[in-house]
């Protein structure tokens, strides 16, 4: 049986796939720390919904038509951390996006408190032309 934290993270991916940003953020603490890979056009560490939307979600959705983050596998590392391995997809200005990722999610008091992305930044940047 899957641990609740695994199901919670799976729910975040499902909500994002539906375009339900409110459900995505409902799963997170208000002060969530979002660590986007340094080599990404949107790389950096952001805190809270406003910074994440302004610096990550908004720009990615503007740069990549049909952006997806499709996990192939979601596993509990321990009681507080979940790892997801998968691929980003969509179409950027310079071609299709097909870049691997690993996401590390930290759960605190039933909500995501931290997210860290490790991704094939070169392939992503090449596809979006940045």
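Numbering (my numbering), first residue to last: 14 to 143. For glycine and all other residues, C-beta sits at the position ideal for the given N, C-alpha and C. Just so you know, these numbers come straight off a predicted model, no measurement behind them.
Residue i versus residue j - alpha carbon distance
i: residue 82; j: residue 20; result: 16 Å
i: residue 46; j: residue 109; result: 29 Å
i: residue 32; j: residue 69; result: 15 Å
i: residue 100; j: residue 77; result: 14 Å
i: residue 84; j: residue 134; result: 17 Å
i: residue 94; j: residue 63; result: 24 Å
i: residue 92; j: residue 65; result: 25 Å
i: residue 90; j: residue 97; result: 10 Å
i: residue 42; j: residue 119; result: 11 Å
i: residue 36; j: residue 18; result: 16 Å
i: residue 29; j: residue 74; result: 11 Å
Rounded Cβ spacing between residue i and residue j (contact assumed at less than 8 Å)
i: residue 138; j: residue 54; result: 6 Å
Residue burial classification, residue i (beta-carbon count within 10 angstroms, cutoff 16)
i: residue 14; result: In this predicted model, residue 14 has a pLDDT of only 45, less than 50, meaning its place in the structure is not dependable enough to derive any value.
i: residue 121; result: exposed
i: residue 127; result: buried
i: residue 116; result: buried
i: residue 86; result: exposed
i: residue 79; result: exposed
i: residue 140; result: buried
i: residue 105; result: buried
N- and C-terminal bounds of the beta strand (DSSP E) containing residue i
i: residue 131; result: 124–132
i: residue 63; result: It is not in any beta strand (DSSP E) - residue 63 instead sits in the alpha helix (DSSP H) that spans 61–65.
i: residue 85; result: 78–89
i: residue 69; result: It is not in any beta strand (DSSP E) - residue 69 carries neither H nor E in the DSSP assignment.
i: residue 150; result: This structure does not reach residue 150, given that the chain is present from 14 up to 143, and the question cannot be answered.
i: residue 56; result: First-last for residue 56: undefined, no H or E at that position.
i: residue 108; result: 108–121
Residues near residue i by beta carbon distance below 7 Å, same chain, minus five either side
i: residue 40; result: 21, 24, 25, 124 and 125
Bounding residues of the alpha helix (DSSP H) (the contiguous stretch that carries residue i)
i: residue 35; result: 34–39
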